[in-house]
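Residue numbers (our numbering): 10 to 699.
Beta carbons: idealized from backbone N, C-alpha and C, even for Gly.
A short write-up of the structure that comes next.
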Amino acid sequence: WLDVIRWAETNGSESNMYRKNAWIYRDYVIRAFNKDKPYNEFLTEQIAGDVIGQGDATGYLVSGPHVPVATVGQEPSARRQARADRMDEILQTVGASALGVTIGCARCHNHKFDPITIRDYYSLSAVFQDVEFGSRYPELDEHHPRRKVAQQLYKDIAKQRYRLREAGAWQEDWAGYGEIHFPSTTTNAVRITFLSRYVGLDELEIFGLHNLEENVASSESGAIVTAAPGMEVLRNELWKINDGEYGTERWAARVPEGKKENPWLEFRFTKPTEIDRIRLSNNRENFFDTDYLTDLKPFNFPKYRIEIQTADGEWQQVADSQSNSLLNKTFPFRSDALQKLQRLIAQFNTEGPRPSFVGRFKTPGPTHVFHRGSPENPRDEVPPAAPLVLVGDLKLDSNASGQARRKAFADWLTDSTNPLPSRVMVNRMWHHVFGQGIVTTTGDFGFAGAQPTHPELLDWLASEFAEPVLVASDRPAKPWSVKHILRLLVSSRAFTQESKPNEEALTQDGTSSLLWRFPPRRLEAEVIRDAILTASGSLKPELGGPSYRIHNIKKRYAQWEVLDNYGEDTWRRMIYQERMRRVDDCMFTAFDFPDCGQVRAKRPVSTTPLQALNLMNSPFVISQSELIAKRAMEDSEHDLLEALDRCFEVLLARHPTAQERAAVQNITSREDLFLVCRAILNSNAFTFLE
Numbered sequence: 010w011l012d013v014i015r016w017a018e019t020n021g022s023e024s025n026m027y028r029k030n031a032w033i034y035r036d037y038v039i040r041a042f043n044k045d046k047p048y049n050e051f052l053t054e055q056i057a058g059d060v061i062g063q064g065d066a067t068g069y070l071v072s073g074p075h076v077p078v079a080t081v082g083q084e085p086s087a088r089r090q091a092r093a094d095r096m097d098e099i100l101q102t103v104g105a106s107a108l109g110v111t112i113g114c115a116r117c118h119n120h121k122f123d124p125i126t127i128r129d130y131y132s133l134s135a136v137f138q139d140v141e142f143g144s145r146y147p148e149l150d151e152h153h154p155r156r157k158v159a160q161q162l163y164k165d166i167a168k169q170r171y172r173l174r175e176a177g178a179w180q181e182d183w184a185g186y187g188e189i190h191f192p193s194t195t196t197n198a199v200r201i202t203f204l205s206r207y208v209g210l211d212e213l214e215i216f217g218l219h220n221l222e223e224n225v226a227s228s229e230s231g232a233i234v235t236a237a238p239g240m241e242v243l244r245n246e247l248w249k250i251n252d253g254e255y256g257t258e259r260w261a262a263r264v265p266e267g268k269k270e271n272p273w274l275e276f277r278f279t280k281p282t283e284i285d286r287i288r289l290s291n292n293r294e295n296f297f298d299t300d301y302l303t304d305l306k307p308f309n310f311p312k313y314r315i316e317i318q319t320a321d322g323e324w325q326q327v328a329d330s331q332s333n334s335l336l337n338k339t340f341p342f343r344s345d346a347l348q349k350l351q352r353l354i355a356q357f358n359t360e361g362p363r364p365s366f367v368g369r370f371k372t373p374g375p376t377h378v379f380h381r382g383s384p385e386n387p388r389d390e391v392p393p394a395a396p397l398v399l400v401g402d403l404k405l406d407s408n409a410s411g412q413a414r415r416k417a418f419a420d421w422l423t424d425s426t427n428p429l430p431s432r433v434m435v436n437r438m439w440h441h442v443f444g445q446g447i448v449t450t451t452g453d454f455g456f457a458g459a460q461p462t463h464p465e466l467l468d469w470l471a472s473e474f475a476e477p478v479l480v481a482s483d484r485p486a487k488p489w490s491v492k493h494i495l496r497l498l499v500s501s502r503a504f505t506q507e508s509k510p511n512e513e514a515l516t517q518d519g520t521s522s523l524l525w526r527f528p529p530r531r532l533e534a535e536v537i538r539d540a541i542l543t544a545s546g547s548l549k550p551e552l553g554g555p556s557y558r559i560h561n562i563k564k565r566y567a568q569w570e571v572l573d574n575y576g577e578d579t580w581r582r583m584i585y586q587e588r589m590r591r592v593d594d595c596m597f598t599a600f601d602f603p604d605c606g607q608v609r610a611k612r613p614v615s616t617t618p619l620q621a622l623n624l625m626n627s628p629f630v631i632s633q634s635e636l637i638a639k640r641a642m643e644d645s646e647h648d649l650l651e652a653l654d655r656c657f658e659v660l661l662a663r664h665p666t667a668q669e670r671a672a673v674q675n676i677t678s679r680e681d682l683f684l685v686c687r688a689i690l691n692s693n694a695f696t697f698l699e
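Below, the structure is given as C-alpha cells:
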C-alpha cells in the first residue's frame, strides 16, 4: 500500500525537505491491516478520516511528492502552477491505489486510451480542492490512545492554570507557538503593542475562557485587524495575520527610521466578546512541518503590551512581558506552578496528539477546467464529481464544503455498485501472493493495461471480498476482510504447488501466468533484511513509533547522507526505516526498494552484482553473520557440526543436504561458521521464495 501511494518522509524535489511526524500515517496503516479493518472503512478513512475521527488516515492524500510553497517564490503564476501540480499528485494517488486508473493522463486533454475526459479530471480535482500538503493536529476519536492521554494531561494543565489565574497574566511555551494568558475580560477590541521596531507574525489568535478553540480574531468570525499607521511592510499583506493559515506566509513590518513609535496591531470584534488568552507565532511551519528531526526549541516571545478597550473607549492594560518577573516575586507559588505547567505542556506535546504530516484543509473555491492543463487558461467551471464513465455524479455543486465533497466521494467509492475498488484490491493481493496479478498491470485496469489472465476468477474473488459466502474459521467471513482473501489464497491448491519447472509447460507458458506451478521469485528488500535480523535473534519486536534514523540531520538544503544503516538502533523491521526520496540507503536500494517518486503498484525485480556484493561485504551482513554464528554455537553448546545444522535451521528452516554438508564438513572454528553464514545469505535458497 505504501509503495502504491508513494509514501515517504521527505517531499522530494530539489529541497527534499523532511516531513515531520509523517510516520503517524504509516503506523495507522499498519494498525489497520493488523486489525483487519474492513477495506471499505479503510478507504473511507483515507479520503475523509477527519470527518469520522480518524484524522491520521488522511496522510494518504498527501503521501506523494510535492514542491513546498516556500520554495516556489512569490510569482503568482508560479504559485498557481505549483498548486495545480500538487493537486495532480493527489489525483495520481487516488487513481492508482483505489481505482486502478491513470487519471493523470486527462490533465491536459481527454485520456488517449480510457473514456476519461479532461472535464472528469477537473471534476475529480474539485473533490479534493480543500486539501493542501502540510501538517495539522489529526482528528482522533475518543478511543484513540493519544486522545486518552491528552484528556488527562489537559485536566492537569487546567489545574495549574487555575492556580495561576488569581495571580495575573502569564506565558506558556508550546514550542510552535506561544500563549499569553490574562484574567478573563469582555471587550470590543484588543491592541497588542510590540516593544521593538520590528514585528513578524504568521498568525495571531484570540480565545475566550468558555470558547476554548473558537478563534474570535479570525477573519471568518468577522474580526477586523489594523496596524499602526506609517509602518513599513516588509512581507505580505496584513490580512495574513488572521486568515486561519500558518507557515512561511507570515506578515512582517517595521517602524521607519526616525520614528519613535512602537508597532502595534488592533483587532476589533463584531460584538463584545469574552477573552482570556492570545496565541501568536512567527514561524509555526518549523513546528508543524519541518523540525528536521531535532529537539523542539523554546518559543521566542517578543516583548509586548496587551490592552483591551473599555466600554468608555479607553485602553486598559491586561498583560505585558516585563511584569512577569515582578509577579513571580509578588506571588511565590507562581514559579513552581509555571514549572509544573511547562513540564505538562512538554509531556502533552510528546504523548498527546501531535502535529503530523497528514494534510491541511482550507475552504475550497470553484474549480475550472484548465485548457491544455495550464492554470493560466481556466475555462468552464465544474462541480465535484467522479469520472462520468463510472457513474460518478456526486450530486454536489461548487458551494459544497470540502468535507462534504470528500465524504460523498468516499461513499461513492465504497458503494456496492462500484466494481473497481474490490477488483483492484484483490488483484493486488493476488500479485503479492503469486508474484504477479491476474491483471499484471496492477495500477492500471484501463485499456492500456493488461487483460486479466483469469477474468472469471477475478470477478469471483472481488465478489467474495465484498460479500463473502465462504466460511472462515467456522464462522462466516466478514465483508471486505483482507485477511479472509489472503487465507483463501495461501490455502489454495495453486499456492501449494511445487515450483519445479516442466519443459513442456515452460514452452507454452514461460511466465507461469496459467499457474501450472508456483512461480519462484526473489524476496523483497524488507523481507531479506528482516529475515537476517530474525535469524540472528536481533530483531526488535516493537510496533509503531518514529522511524529509526539512518541519515544525518539535514540543515535546510544540505544533502541527506547515510550515517548508520547497520547499528543496534536500526534493528527493527525495515518498514520502520526512514523512507527518504532520492536517497540511496547504501544497501537495500540495490534490491529494488522503491524511491517513492513514482507509483509502484508493482516493484521491478532486477539481478545485479551490487546485490551479491551487499550480501557478502556490507557492514550489516558481516555484523549479523557474526551474531548468527554466535547464536548457533550457543544453541549447540559449542558443537561445531551441530552449530552448522543450526545455521541452516535459522536461515533456511531446514537441515543441510548431503551435498551442502560435504561442502562445509571441514569447518574447524567459529570463524569458519561465520563464513558459512555469509555464504548462505548470498544463496538463492535464502533470497528466493520457491
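Exercise for the section: Can you tell me which of the three DSSP states Q318 falls into? Expected result: One-based indexing of the sequence shown puts residue 318 at position 309. Here Q318 sits in strand by DSSP.
Handout entry: The alpha helix (DSSP H) enclosing I39, as first and last residue numbers
Key = Taking the first residue of the sequence shown as 1, we reach residue 39 at position 30. Unbroken alpha helix (DSSP H) run through I39: 32-43.
Problem - Spatial distance of R538 from M26 (CA atoms) - result: The residue given as residue 538 occupies position 529 in the sequence shown. The residue given as residue 26 occupies position 17 in the sequence shown. Near 27 angstroms, if we compare the C-alpha coordinates of M26 and R538.
Practice task
Could you pull the start and end residues of the alpha helix (DSSP H) that T426 belongs to?
Solution key: Working through the sequence shown from its first residue, we reach residue 426 at position 417. Careful: T426 lies outside any alpha helix (DSSP H) and carries neither H nor E.
Practice task
Return helix, strand or coil for D165, following the three-state DSSP convention.
Solution key: As a first step, residue 165 must be located in the sequence shown, where it is residue number 156. Of the three classes helix, strand and coil, the one that applies to D165 here is helix, per DSSP.
Exercise for the section: May I have the straight-line CA-CA distance separating A159 from G411, to the nearest angstrom? Expected result: If you number the sequence shown from 1, residue 159 lands on position 150. If you number the sequence shown from 1, residue 411 lands on position 402. Using only the alpha carbons, I get a separation of about 27 angstroms.
Practice task
Return the residue from the list I317, S205, E283 that minimises the CA-CA distance to E700.
Solution key: Any question about residue 700 goes unanswered here, given that the chain covers just 10 to 699.
Exercise for the section: Output the distance between the C-alpha atoms of K416 and S230, rounded to the nearest integer angstrom. Expected result: On the sequence shown, residue 416 is found 407 positions in, with the first residue counted as 1. On the sequence shown, residue 230 is found 221 positions in, with the first residue counted as 1. Cα to Cα, the separation comes out at about 25 angstroms.
Handout entry: beta strand (DSSP E) runs contained entirely in the region 217-276, provided each spans 3 or more residues
Key = As far as the region 217-276 is concerned, its whole beta strand (DSSP E) runs of at least 3 residues are 233-236, 241-244, 260-263.
Practice task
Classify Y301 as helix, strand or coil using the three-state DSSP reduction.
Solution key: Here residue 301 refers to the residue found at position 292 when the sequence shown is read from its first residue. Note that Y301 scores 47 on pLDDT, short of 50, meaning its location in the model is unreliable and no value can be drawn from it.
Practice task
Could you please give me the residues that DSSP links to G187 through a beta bridge?
Solution key: The sequence position of residue 187 within the sequence shown is 178, counting from 1. DSSP output for G187 lists D182, L289 as bridge partner(s).
Problem - For K365, the residue or residues it bridges with in DSSP - result: Residue 365 sits at position 356 when you count from the first residue of the sequence shown. Lys is not the amino acid found at residue 365; the sequence shown has Ser there. BP columns for S365 point to R145.
Problem - For T372, the nearest candidate out of W421, G82, Q138 (CA to CA) - result: Counting from one through the sequence shown, the residue named residue 372 turns up at place 363. Restricting attention to W421, G82, Q138, the CA atom closest to the CA of T372 is found in Q138.
Problem - Proximal residues to F657 (C-beta, below 8 angstroms), its chain only, five neighbours per side dropped - result: Taking the first residue of the sequence shown as position 1, residue 657 is located at position 648. Taken in chain order, the residues that qualify are R663, H664, P665, E669, I689.
Problem - Exposure of N220, with buried meaning 16 or more beta-carbon neighbours within 10 Å - result: Here residue 220 is taken as the residue at index 211 of the sequence shown, counted from 1. Classification for N220: exposed.
Practice task
Taking 8 angstroms as the threshold, find out whether the region 169-181 comes into contact with the region 385-401 through three or more Cβ pairs.
Solution key: Taking one beta carbon from each stretch, the region 169-181 and the region 385-401 have fewer than 3 pairs nearer than 8 angstroms; the two do not touch.
Handout entry: Collapsed DSSP secondary structure at S24 in the structure displayed
Key = Counting from 1 along the sequence shown, the entry for residue 24 is found at position 15. Here DSSP, grouped into helix, strand and coil, assigns S24 to coil.
Problem - Limits of the alpha helix (DSSP H) - the one that E658 falls within - result: Within the sequence shown, numbered from 1, the residue matching residue 658 stands at position 649. Per DSSP, E658 belongs to the alpha helix (DSSP H) from 649-661.
Exercise for the section: Within the same chain, show all residues whose beta-carbon is closer than 8 angstroms to that of L302, passing over the 5 residues directly before and after it, in chain order. Expected result: Here the question's residue 302 lines up with position 293 in the sequence shown. Below a pLDDT of 50, predicted positions are generally treated as unreliable, and L302, at 46, falls in that range; the measurement from the model is reported next regardless. Only Y27, R558, I562, K563 meet the Cβ criterion.
Exercise for the section: Compute the minimum distance between the beta carbon of D36 and the heavy atoms of the ligand COA, and state whether it is under 8 angstroms. Expected result: Although the ligand COA was asked about, the structure shown includes no ligands whatsoever.
Exercise for the section: Alpha carbon to alpha carbon, how far is R288 from Y186? Give it in angstroms, no decimals. Expected result: For this step, residue 186 is matched to residue 177 along the sequence shown. For this step, residue 288 is matched to residue 279 along the sequence shown. Approximately 7 angstroms between the Cα atoms of the pair.
Problem - Distance between Y575 and R502 (C-alpha atoms, nearest Å) - result: The residue given as residue 502 occupies position 493 in the sequence shown. The residue given as residue 575 occupies position 566 in the sequence shown. So the two alpha carbons sit approximately 40 angstroms from each other.
Practice task
Quick one: residues in its chain with C-beta nearer than 8 angstroms to the C-beta of Q607, no 5 flanking neighbours on either side, listed in chain order?
Solution key: Here the question's residue 607 lines up with position 598 in the sequence shown. Result list for Q607: R15, in chain order.
Exercise for the section: On a CA-only basis, which of S522, D389, V442 is nearest H463? Give me that one, please. Expected result: In the sequence shown, the residue the question calls residue 463 occupies position 454. Of the candidates S522, D389, V442, the residue whose Cα lies closest to the Cα of H463 is S522.
Problem - Same chain only: Cβ atoms within 7 angstroms of F51, ignoring 5 sequence neighbours per side - result: Residue 51 sits at position 42 when you count from the first residue of the sequence shown. Setting aside the 5 residues that flank it on each side, F51 is surrounded in the same chain by A41, each with a C-beta closer than 7 angstroms to its C-beta; the list follows chain order.
Exercise for the section: From the DSSP output, read off the bridge partner residues of F697. Expected result: Within the sequence shown, residue 697 is the residue found at index 688, counting from 1. F697 is bridged to R531.
Practice task
Please say whether P147 and V367 have beta carbons closer to each other than 9 angstroms?
Solution key: Mapped onto the sequence shown, residue 367 falls at position 358. Mapped onto the sequence shown, residue 147 falls at position 138. Yes; because the gap between Cβ atoms is below 9 angstroms, this pair is in contact.
Practice task
Could you give the DSSP three-state label for N691: helix, strand or coil?
Solution key: Counting from 1 along the sequence shown, the entry for residue 691 is found at position 682. N691: coil per DSSP, three-state reduction.
Exercise for the section: Report yes if the CB atom of L247 is closer than 9 angstroms to the CB atom of V264, and no otherwise. Expected result: Against the sequence shown, residue 247 aligns to sequence position 238. Against the sequence shown, residue 264 aligns to sequence position 255. Cβ atoms of L247 and V264: not closer than 9 angstroms.
Exercise for the section: Locate the beta strand (DSSP E) running through R388, then write down its first and last residues. Expected result: Mapped onto the sequence shown, residue 388 falls at position 379. Annotation: the continuous beta strand (DSSP E) that includes R388 extends over 387-391.
Exercise for the section: Could you check if L479 is buried or exposed, using at least 16 other CB atoms within 10 Å of its CB as the buried criterion? Expected result: Walking along the sequence shown from the start, residue 479 turns up at place 470. Looking at its Cβ environment, which holds fewer than 16 other Cβ atoms inside 10 Å, L479 is exposed.
Problem - Chain-order list of residues whose beta-carbon lies under 8 angstroms from that of Y131 (same chain, five-residue window excluded) - result: The sequence position of residue 131 within the sequence shown is 122, counting from 1. Excluding residues within five positions, the ones whose Cβ falls inside 8 angstroms are T376, H377, V378, F379, V391.
Problem - Alpha carbon of A652 to alpha carbon of F629, nearest angstrom - result: Taking the sequence shown and counting its residues from 1, the one referred to as residue 652 is at position 643. Taking the sequence shown and counting its residues from 1, the one referred to as residue 629 is at position 620. Taking the straight line from one Cα to the other gives about 22 angstroms.
Exercise for the section: State the start and end residues of the unbroken beta strand (DSSP E) segment that holds D329. Expected result: Here residue 329 refers to the residue found at position 320 of the sequence shown. According to the DSSP assignment, D329 belongs to the beta strand (DSSP E) that extends over 324-329.
Exercise for the section: Pick out whichever of N245, E54, R531, T450 has its Cα sitting closest to the Cα of V614. Expected result: The residue labelled residue 614 in the question sits at position 605 within the sequence shown. Comparing Cα-Cα distances from V614 to each of N245, E54, R531, T450, the minimum goes to R531.
Practice task
Starting from the C-beta of S425, find all residues in its chain whose C-beta is less than 7 angstroms away, skip the five residues before and the five after it, and write them out in chain order.
Solution key: Here residue 425 refers to the residue found at position 416 when the sequence shown is read from its first residue. Closer than 7 angstroms at Cβ, skipping near neighbours: A475.
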